[in-house]
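Have a look at the structure below before the remarks.
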DNA sequence: CTGAAAGCGCTTACAG
DNA sequence: CTGAAAGCGCTTACAG
């Protein structure tokens, strides 16, 4: 008797529910919002009728009226990285903890890390009325499509000018890795990064250079290699020439900016019959599930992704509510000791 | 002079643009939609004014009027898996290829693979008026919140009853893996899976049992182990007891339902001083970046995720447009030969 | 070629 | 405690 499968053309609306019960449409709306003015009996009848008719509020109606969607957008350059899942968990926690009485939901947009990055972001932002945006490692978004979000954006990792930021302390990460290597006697250090035009990677490169400059240790040389993509395959291609260098020129340790790149160094080392860590130390600035899967256990830094996500969410809710927020908060990364670093071969040889 | 930072309370609307130009609001709207009735000169003035004032259409307005958001939701149980990134790419391709003249955008929802799965899905679906939904490996969604999407859902991997499905042929995958192992003389086979209550994994378990039953080879024994989560750590915990069995009872080969679990078997084998593949063969039903990173190179099946995503998107667009679609299409997985399988030790020993 | 107007489904003052 | 009405910003017939 009741049509559960409302045809797409005409959804069940609050007017349908009202008519079904012989009450006014406003009563239905107020009952659902839990307003105190409607009697408990009426509220119950309304809830039952909604159930029976399969009523679901059309979000666009509320959005248009209130100007709020109670949804925030989390934009990432690519799905498939553990770190973004951890960020999302943090964001959810932050949203739940926000003293704000709204039940937020999060929708994710992937900018796809390619030429269409801008288009993907723009489309998704256009198509949906987010109350605010969190950009995680999204490369330098052009202000255009984001203009309407001025004051309602928080960025993680890279931030466009003027956008508040909650991120990892990459300088501390670089110093930590360098200290480990210098302590073990490494002086010829390789650096395998990727996507040189991406700000997120450019930052790490800069951090390592800075760390070397301010280390106070002389005679440290840095060899750079950039993978065309953040994949095992591209990493192997990029690191192979460096590992094929004669022993006297070859780095004794490689700093990797992604776990996939560390796996690539392991594979490349095996190809050259080099043993990790005795012939070659490997350290990674960004440990994740890929890095945890390889053996010997990878030494590296673990990002406080949940905490950063949570801080970003709390800041965003404040920003949305007009509460002033700090421009930048950086959280330190934790060193996880594995078995992928050892004293530099030259040092032990003498 | 122009206020680019529209305060959140009051966005720039088409009325503002119209007023600015001294034209009607409908002219602005029609100019933007590219209707032929507005003159080229007027259209240009409108576009310039929109730029100048920073006008961005409020999506809720259009949605309310047209009933369409031109957005589809892709729901996944968890971020951080390469396969979902590949599915997303396929979905985008399919959407672009749909003969449909609408510029679709995709927003992703993560159901978070936990107790709140349902809540997360519901929230996101409620908060946004998607025109349709693709559910990728989302566990048995209760029909409740999804009712309004009847006829506008396509599922990947697991599908609730009555929901059309585009997926991987897991039976073919199980048969292929089993054939490889039987051919090499393996008869005691272990199976490392995870999350036994998740349909996506239950399917793979069933497929393997079926494949053994119909293989025509007698004397095949199957030992099951289930990890509490799809992580290296949980995998090691789950497989350790099996690998600690006396040699006569220990499986000579392990089938893994995820690359993280295969990495766990590698780690567990190393703990027991077992060499892969001479002492223990490992094969994986789902190769991804984690699996590609470990050595010896993992033998396993590669899912046609892009193709499945694309089929799902095309089917969904048809469904949205009222075109009838097939209930189920399954695509075969490709066997990728690595170095992780070898003849069963017992066979070579005699 | 352009304008005035209706209406999508909500929330929320405003009357009773 | 409840109803009638306005209005959020769009798109799209309907007039001119």
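Residue numbers (this note's numbering), protein chains in the order written: chain A, 45 to 394; chain B, 45 to 394.
The beta carbon of each residue, even a glycine, is placed where N, CA and C say it ideally should be.
- For residue 296(A), there is no enclosing alpha helix (DSSP H), as DSSP marks it with neither H nor E.
- With contacts defined by Cβ atoms closer than 8 Å, residue 233(B) and residue 200(B) do not form a contacting pair.
- The Cβ-Cβ distance between residue 305(B) and residue 284(B) does not fall below 8 Å.
- Residue 71(A) places its beta carbon less than 8 Å from that of residue 62(A).
- The continuous stretches of alpha helix (DSSP H) do not include residue 201(B), and DSSP gives it neither H nor E.
- Between the alpha carbons of residue 101(A) and residue 344(B) lies a distance of about 46 Å.
- One finds 122, 123, 124, 154 in chain A with Cβ atoms closer than 8 Å to the Cβ of residue 129(B), taken in chain order.
- Looking at the backbone, the Cα of residue 203(A) and that of residue 372(A) are separated by about 10 Å.
- Ranked by Cα distance from residue 331(A), the first of 279(A), 347(A), 94(A) is 347(A).
- Chain B has no Cβ within less than 8 Å of the Cβ of residue 234(A).
- At least one beta carbon of chain B lies nearer than 8 Å to the beta carbon of residue 191(A).
- In this structure, residue 314(B) places its C-beta atom within 8 Å of the C-beta atom of residue 339(A).
- Nearest CB-CB separation between residue 264(B) and chain A: not below the 8 Å threshold.
- At least 8 Å separates the CB of residue 320(B) from every CB of chain A.
- Within the region 301-327 of chain A, the residues whose Cβ lies closer than 9 Å to any Cβ of chain B are, in chain order, 303, 304, 306, 307, 308, 310, 311, 314.
- At a cut-off of 8 Å, the C-beta of residue 170(B) has a neighbouring C-beta in chain A.
- Going by DSSP, residue 364(B) is part of the alpha helix (DSSP H) stretching over 349-364.
- The bridge partners DSSP lists for residue 310(B) come to none.
- Look at residue 339(B) here: in three-state DSSP terms it is coil, with no helix or strand label.
- Counting only the Cα atoms, residue 274(A) lies some 51 Å from residue 68(B).
- By the C-beta criterion, the region 113-122 of chain B is judged not to be in contact with the region 317-328 of chain B, since fewer than 3 inter-stretch pairs fall below 8 Å.
- Between residue 123(B) and residue 119(A) the beta-carbon gap is near 12 Å, outside 8 Å, which marks them as no contact.
- Among the residues of chain A, none has a CB under 9 Å from the CB of residue 87(B); the nearest is roughly 19 Å distant.
- Across the structure, residue 336(B) and residue 76(B) are spaced so that their CA atoms are roughly 48 Å apart.
- Of 94(B), 198(B), 125(B), the smallest CA-CA separation from residue 357(B) is found for 198(B).
- Ranked by Cα distance from residue 257(A), the options 121(A), 226(A), 382(A), 167(A) are led by 226(A).
- By the rule that beta-carbons nearer than 8 Å mark a contact, residue 334(A) touches chain B.
- The alpha carbon of residue 222(B) has as its nearest neighbour, out of 205(B), 139(B), 262(B), 146(B), the alpha carbon of 262(B).
- When DSSP reads this structure, residue 212(A) sits in a beta bridge with 375(A).
- The residue from 183(B), 212(B), 169(B) with its alpha-carbon nearest to that of residue 193(B) is 169(B).
- The C-beta of residue 220(B) has 16 or more other C-beta atoms within 10 Å across all chains shown, which makes the residue buried.
- Of the candidates 108(A), 136(A), 382(A), 382(A) places its Cα closest to the Cα of residue 224(A).
- At a cut-off of 8 Å between beta-carbon atoms, residue 167(A) makes contact with chain B.
- Boundaries of the beta strand (DSSP E) around residue 235(A): 232-238.
- If you draw a 10 Å sphere on the C-beta of residue 292(A), you find fewer than 16 other C-beta atoms in it, and that means exposed.
- Put simply, the backbone Cα of residue 89(B) is about 51 Å away from that of residue 303(A).
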